[in-house]
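Chains as they are written, first to last, in the working numbering: chain Z, 14 to 127; chain U, 1249 to 1363.
Positions of the beta carbon are idealized from the N, C-alpha and C atoms, including for glycine.
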Amino acid sequence: AQTVTQSQPEMSVQEAETVTLSCTYDTSESDYYLFWYKQPPSRQMILVIRQEAYKQQNATENRFSVNFQKAAKSFSLKISDSQLGDAAMYFCAYRSNNNNDMRFGAGTRLTVKP
Amino acid sequence: DSGVTQTPKHLITATGQRVTLRCSPRSGDLSVYWYQQSLDQGLQFLIQYYNGEERAKGNILERFSAQQFPDLHSELNLSSLELGDSALYFCASSVGREQGAYTQYFGPGTRLTVL
């Protein structure tokens, strides 16, 4: 079964600095998607960025980028120029293209200090 | 307020019983997702419905079932309840069919306690 591991329960970053959130996953499949979601106190699960496993190029969305290492099964999220509004719970997720099952990591709580 | 409503907020019941949790998605959203969140298991995806049809299935037990009705509200039925089923059950909705491609809006959750 696929598992997603986020080894950092909490992270802290200074406003305007850069922070990297870690995520590793375990799978025997070759066709899948990876996602990073942001969950603010309002409890939306906001899609931040997604990566198709067959694409070698790392996905980028404005200040958010990923470092996708398929062989190492690693999918880290880099947030550049951190803003106060980035403070939230961040979840890494894996979705199988075989059965659409979605697996979430335990989450990383990010604090942004002014 | 995400626009997703869930009832009831709290539910206390005994082992072996059956309960039904209800969810109304945001206006215009066709997908409904059910999740279970417990302290030891984290957030577990259970099942997704899109426009009345089952779209994706996760780690959902055979004792659990769900459906989405023509008005797009959804119900999650939990039967033969066990102590380990105690958890927070979230419903979420999104506009599209492809899971993960869209922001999901979570409801406030139903806290189920099985005694």
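Ranked by Cα distance from Q82/Z, the options E74/Z, Y67/Z, P54/Z are led by Y67/Z.
Judged by beta-carbon spacing, F117/Z lies within the 8 Å limit of V17/Z, meaning their Cβ atoms are closer than that value. Neighbours of N75/Z in chain U, taken as residues at a C-beta separation under 9 Å, are lacking, since the least C-beta distance is about 15 Å. Within chain Z, no C-beta atom comes less than 9 Å from the C-beta of L1287/U; the nearest is roughly 10 Å away. Bounds of any beta strand (DSSP E) do not take in N1299/U, whose DSSP letter is neither H nor E. The alpha-carbon of E1310/U is positioned some 42 Å away from that of N75/Z. Shortest Cα-Cα distance from Y46/Z to any of L1360/U, Q1352/U, E1346/U involves E1346/U. When rounded, the separation of the alpha-carbon atoms in L1291/U and Q96/Z is 26 Å. Within the segment 1306-1323 of chain U, contact with chain Z at the beta-carbon level (separation under 8 Å) is assigned to G1306, N1307. With contacts defined by Cβ atoms closer than 8 Å, I59/Z and V79/Z do not form a contacting pair. For V1362/U against T1263/U, the beta-carbon gap comes to about 6 Å, under 8 Å, which counts as contact. With respect to the 8 Å criterion, L1269/U and L1324/U are classified as neighbours on the basis of their beta carbons.
Interface flag for Q57/Z against chain U is set, since a Cβ pair is found closer than 8 Å.
Straight-line spacing of the CA atoms in E65/Z and R1266/U works out to 40 Å.
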